[in-house]
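Numbering (UniProt numbering), first residue to last: 1 to 703.
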């Protein structure tokens, strides 16, 4: 389409823009170029522009023009529920009939699908995961493939394996391209793609792709990096400084546990006077939507969030973004901070680093890389099955964690090695091979990106320039207003930490109840036994004293690592255990009549005996209960899969259970990442005659 040849172009474009942004809104030059290009059959357009530039306006204007000319509906592939909701609202403001199909609106799927096939919708939004669903593909995609007016791939950096977050289902979009009518225009948009990713996108979409790339500067953002703190000091900084930050905003954490604990600390300190809430991917869709609206309408001072609140969340007056720990990639960091200052002159962006952050980077750098032995285990189970298997069944059969099973299945499905049917997953017979060169390249890229974030934290140069350079912005220049350019922290940031705040936060968090849910299924695999754990062998619900890298126990964990199993339980840990047992006693099925201490290992190193023995002795004295230490040599399990851990512990404790016939046992276990240690030990104690086993896990690690 040529605008000069189509007299309706400007009228339709103006109508949409005025509805979206007011009566003075006009298409920018690059917006007009993109919209005009999308009016041509088979167009392939990549738009890389900063957050707030107006990428969504391009596809809403292009959709309105295409629909006015009789074209079919637009399909938008969008990665997050929060983004979908904002996009539906934006499309409706533009005068378009729009709906989304996602995990949060199952009841509406049927009606939406009927509306699409009946031509009653202008825009359908779906997640990449929905494209992987065979039933959806059968019902909707086949009917749309030849009739789409436009395909939009939003946050398209995820389509590339070299993007900031390797997401297997996004690769399904490439499959959709092969089924489209060749005349269907395709638009890919993102604010966070460097030159390498941009070139990759252009290649995947087609050699004739038009790439429109603009500068990524954000003059409203005042970037700052604070000096390194401990994890608990960062909590205290947020508790004491949150009220002074402008407007409302987002505090990002690297883990779900940090988000939940920091929210609890702020709430304990400020209550309703400074309302906050934790926002993570573990919340139900309706809860996340409510929290997004609460922040949008300033009913909370901040959402304390993981990266689940990220791409596309639209609050133009967001006043601040604070990170407790940096993401490992400048791409994801730029994407996070891009939420702030979109329609205001000034917004605060602060990064609070800590020494332990890089351990989390290392974990996520390889978390999505398939392990050959795990894939072999999964495929063996599928190939031996007489019928398709569910994720739950594969979890039990292989001993792999459920989230790992789901990730591997998605990766294998993209390669055609497995497929999802309405009845479950099955192997296709296609051989799988580990692309070592490819994954080595992914890891190397992530390490290079981590190096950039190390330079950012160190203040090696202007912070905004460093981020823009990392994203290959040719116009990158010093911003003149970040903490590096200024030579000091901008207002209202300070580095003071109140010791009294540290003490109060530690006390609050140590008083929290952390439940250890008993496992219900045996792991199968190397363990040999699968299916439900019989009631007469199962543990009761337990408790955890230290969860993962809990900030309130940072000193305890550091000393334990230094002592390598020779350090007795600290007074703080003893006092916390007594408080936990006092609260727990209200729900015991039966009061413990004895205590059994189970030593483990510090990682794959020394046996951790002193801490668990001294803690059991203290609890025994406090509760007037006999205590003993299980005479066992803990096996080396390292990062073995669940079935291997369970097998190793079953063999290690075979025939060695202490005398517990008729007893109710408080089982004090030092550390576990998989929770198979307390599970297998509880079963052995039950076999030895214990009437119930109450596990108290000192430290639950992340495995």
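Where is the CB? At the ideal position from N, CA and C, for every residue including glycine. No experiment lies behind these values; they were computed from the predicted model shown.
8 angstroms Cβ cutoff met for residue 360 and residue 255
Translated into the one-based positions of the chain shown, residue 360 becomes position 360. Translated into the one-based positions of the chain shown, residue 255 becomes position 255. Yes, the pair counts as a contact, with Cβ atoms nearer than the cut-off.
By Cβ distance, which residues of its chain are closer than 7 angstroms to residue 228, with the 5 residues on each side in sequence left out?
Residue mapping note: residue 228 aligns to position 228 of the chain shown, counting from 1. Only 353, 354, 355 meet the Cβ criterion.
Which same chain residues, not among the five before or five after residue 366, have their C-beta less than 8 angstroms away from its C-beta?
What you label residue 366 is simply residue 366 of the chain shown in a count that begins at 1. Closer than 8 angstroms at Cβ, skipping near neighbours: 443.
Let me know the secondary structure DSSP gives residue 618 once reduced to three states.
Your numbering for residue 618 matches position 618 in the chain shown. In the structure shown, residue 618 sits in a helix (DSSP, three-state: H, G or I).
Quickly, what does DSSP pair residue 68 with across the bridge? List them, please.
By one-based count along the chain shown, residue 68 stands at place 68. Residue 68 pairs with nothing; no bridge assigned.
How would you write the range of the alpha helix (DSSP H) that residue 199 sits in, first residue to last?
On the chain shown, residue 199 is found 199 positions in, with the first residue counted as 1. 195 to 205 is the span of the alpha helix (DSSP H), which, as asked, contains residue 199.
Residue 363: buried (16+ other C-beta within 10 angstroms of its C-beta) or exposed?
For the purposes of this step, residue 363 is taken as residue 363 along the chain shown, with counting starting at 1. Label assigned to residue 363: exposed.
Simplified DSSP state of residue 705, which is helix, strand or coil:
A question about residue 705 goes unanswered here, because the residues of the chain that appear run from 1 up to 703.
Taking DSSP's pairing of strands, which residues face residue 594 in a bridge?
Taking the first residue of the chain shown as position 1, residue 594 is located at position 594. Beta-bridge partners of residue 594 (DSSP): 665.
Using only the alpha-carbon positions, how far apart do residue 322 and residue 689 sit?
For this step, residue 322 is matched to residue 322 along the chain shown. For this step, residue 689 is matched to residue 689 along the chain shown. Counting only the Cα atoms, residue 689 lies some 53 angstroms from residue 322.
Three-way DSSP call (helix, strand, coil) for residue 310 in this model
One-based indexing of the chain shown puts residue 310 at position 310. In the three-state reduction of the DSSP assignment, residue 310 falls in the coil class.
Residue interval of the alpha helix (DSSP H) (run including residue 109):
Here the question's residue 109 lines up with position 109 in the chain shown. Residue 109 -> alpha helix (DSSP H) spans 109 to 117.
Between the C-alpha atoms of residue 476 and residue 485, what's the straight-line distance to the nearest angstrom?
Position 476 of the chain shown, counting from 1, holds the residue named residue 476. Position 485 of the chain shown, counting from 1, holds the residue named residue 485. Using only the alpha carbons, I get a separation of about 14 angstroms.
Measure the alpha-carbon distance for residue 509 versus residue 266 and round it to whole angstroms.
Along the chain shown, one-based indexing puts residue 509 at 509. Along the chain shown, one-based indexing puts residue 266 at 266. About 11 angstroms.
Secondary structure of residue 347, DSSP reduced to three states
Start at 1 with the first residue of the chain shown, and residue 347 comes out as number 347. In the structure shown, residue 347 sits in a strand (DSSP, three-state: E or B).
Inside the segment 263 to 299 only - beta strand (DSSP E) runs reaching at least 3 residues
As far as the segment 263 to 299 is concerned, its whole beta strand (DSSP E) runs of at least 3 residues are 276 to 279.
Closer than 8 angstroms is the cut-off here; do at least three beta carbon pairs connect the segment 79 to 95 with the segment 306 to 317?
Because the criterion of three Cβ pairs below 8 angstroms is met, the segment 79 to 95 and the segment 306 to 317 touch.
Residue 102: first and last residue of the uninterrupted alpha helix (DSSP H) it sits in:
Taking the chain shown and counting its residues from 1, the one referred to as residue 102 is at position 102. Per DSSP, residue 102 belongs to no alpha helix (DSSP H) and is neither H nor E.
Return the bridge partner residues of residue 250 from the DSSP annotation.
Taking the first residue of the chain shown as 1, we reach residue 250 at position 250. 303, 321, per the DSSP bridge assignment.
Quick one: grab the DSSP three-state call for residue 424.
If you number the chain shown from 1, residue 424 lands on position 424. Three-state result, residue 424: strand.
Give, in chain order, every unbroken run of the beta strand (DSSP E) that is at least 3 residues long and sits entirely within the segment 512 to 577.
Qualifying beta strand (DSSP E) stretches, in chain order: 521 to 523, 530 to 532, 542 to 547.
Only counting the same chain, and skipping five residues up and downstream in sequence, which positions put a Cβ closer than 7 angstroms to that of residue 281?
Stepping through the chain shown from its first residue, residue 281 is reached at position 281. So the list reads 306, 308, once near-sequence residues are dropped.
Could you please give the first and the last residue of the uninterrupted beta strand (DSSP E) stretch that includes residue 125?
Looking up residue 125 in the chain shown gives position 125. In this chain, the beta strand (DSSP E) harbouring residue 125 covers 123 to 126.
Looking only at its chain, what residues have a beta carbon closer than 8 angstroms to the beta carbon of residue 181, apart from the 5 residues adjacent to it on each side?
One-based indexing of the chain shown puts residue 181 at position 181. Same-chain partners within the cutoff: 145, 146, 147, 148.
What residue does the alpha helix (DSSP H) around residue 153 start on, and which one ends it?
In the chain shown, counting from the first residue as 1, residue 153 sits at position 153. Premise fails: residue 153 lies in the beta strand (DSSP E), 150 to 153, not in any alpha helix (DSSP H).
If you draw a straight line from the alpha carbon of residue 597 to that of residue 512, how long is it in whole angstroms?
Counting from 1 along the chain shown, the entry for residue 597 is found at position 597. Counting from 1 along the chain shown, the entry for residue 512 is found at position 512. Residue 597 and residue 512 have their alpha carbons spaced roughly 23 angstroms apart.
Buried/exposed call for residue 536, threshold 16 Cβ in 10 Å
Counted from its first residue, the chain shown places residue 536 at position 536. Exposure of residue 536 is indicated by the presence of fewer than 16 other C-beta atoms within 10 angstroms of its C-beta.
Own chain partners of residue 683 with C-beta closer than 6 angstroms, once the 5 adjacent residues on each side are dropped
As a working note, residue 683 is residue 683 in the chain shown. So the qualifying residues of the chain are 537.
Given 8 angstroms as the limit, is there contact between the segment 496 to 510 and the segment 548 to 557, that is, 3 or more CB pairs closer than that?
Counting Cβ pairs under 8 angstroms, three or more are found: they touch.
Do you know whose CA, among 259, 133, 62, 88, lies nearest residue 422's CA?
Along the chain shown, read from residue 1 onward, the residue named residue 422 stands at position 422. If you compare the alpha carbons of 259, 133, 62, 88 with that of residue 422, the shortest gap goes to 133.
Which two residues bound the contiguous alpha helix (DSSP H) that contains residue 366?
For the purposes of this step, residue 366 is taken as the residue at position 366 of the chain shown. Residue 366 -> alpha helix (DSSP H) spans 357 to 367.
Residue 664 versus 680, 693, 671, residue with shortest Cα-Cα distance
Position 664 of the chain shown, counted from the first residue, corresponds to residue 664. Considering only alpha carbons, the answer is 693.
Residue 592 to residue 573, Cα distance in whole Å?
Within the chain shown, the letter at position 592 stands for residue 592. Within the chain shown, the letter at position 573 stands for residue 573. Rounded to the nearest angstrom, the two C-alpha atoms are 20 angstroms apart.
Quick one: what does DSSP say residue 188 is sitting in, helix, strand or coil?
Indexing the chain shown from 1 puts residue 188 at position 188. In the three-state reduction of the DSSP assignment, residue 188 falls in the strand class, which pools E and B.
Below 8 angstroms on the Cβ atoms is my guess for residue 649 versus residue 630; work out the distance and round it to an integer in Å.
Stepping through the chain shown from its first residue, residue 649 is reached at position 649. Stepping through the chain shown from its first residue, residue 630 is reached at position 630. About 11 angstroms separates the CB atoms of residue 649 and residue 630; that is not less than 8 angstroms, and the two are not in contact.
Whose C-alpha, out of 12, 642, 31, 75, is nearest the C-alpha of residue 397?
Taking the first residue of the chain shown as 1, we reach residue 397 at position 397. Of all alpha-carbon atoms in 12, 642, 31, 75, the one lying nearest the alpha-carbon of residue 397 is that of 642.
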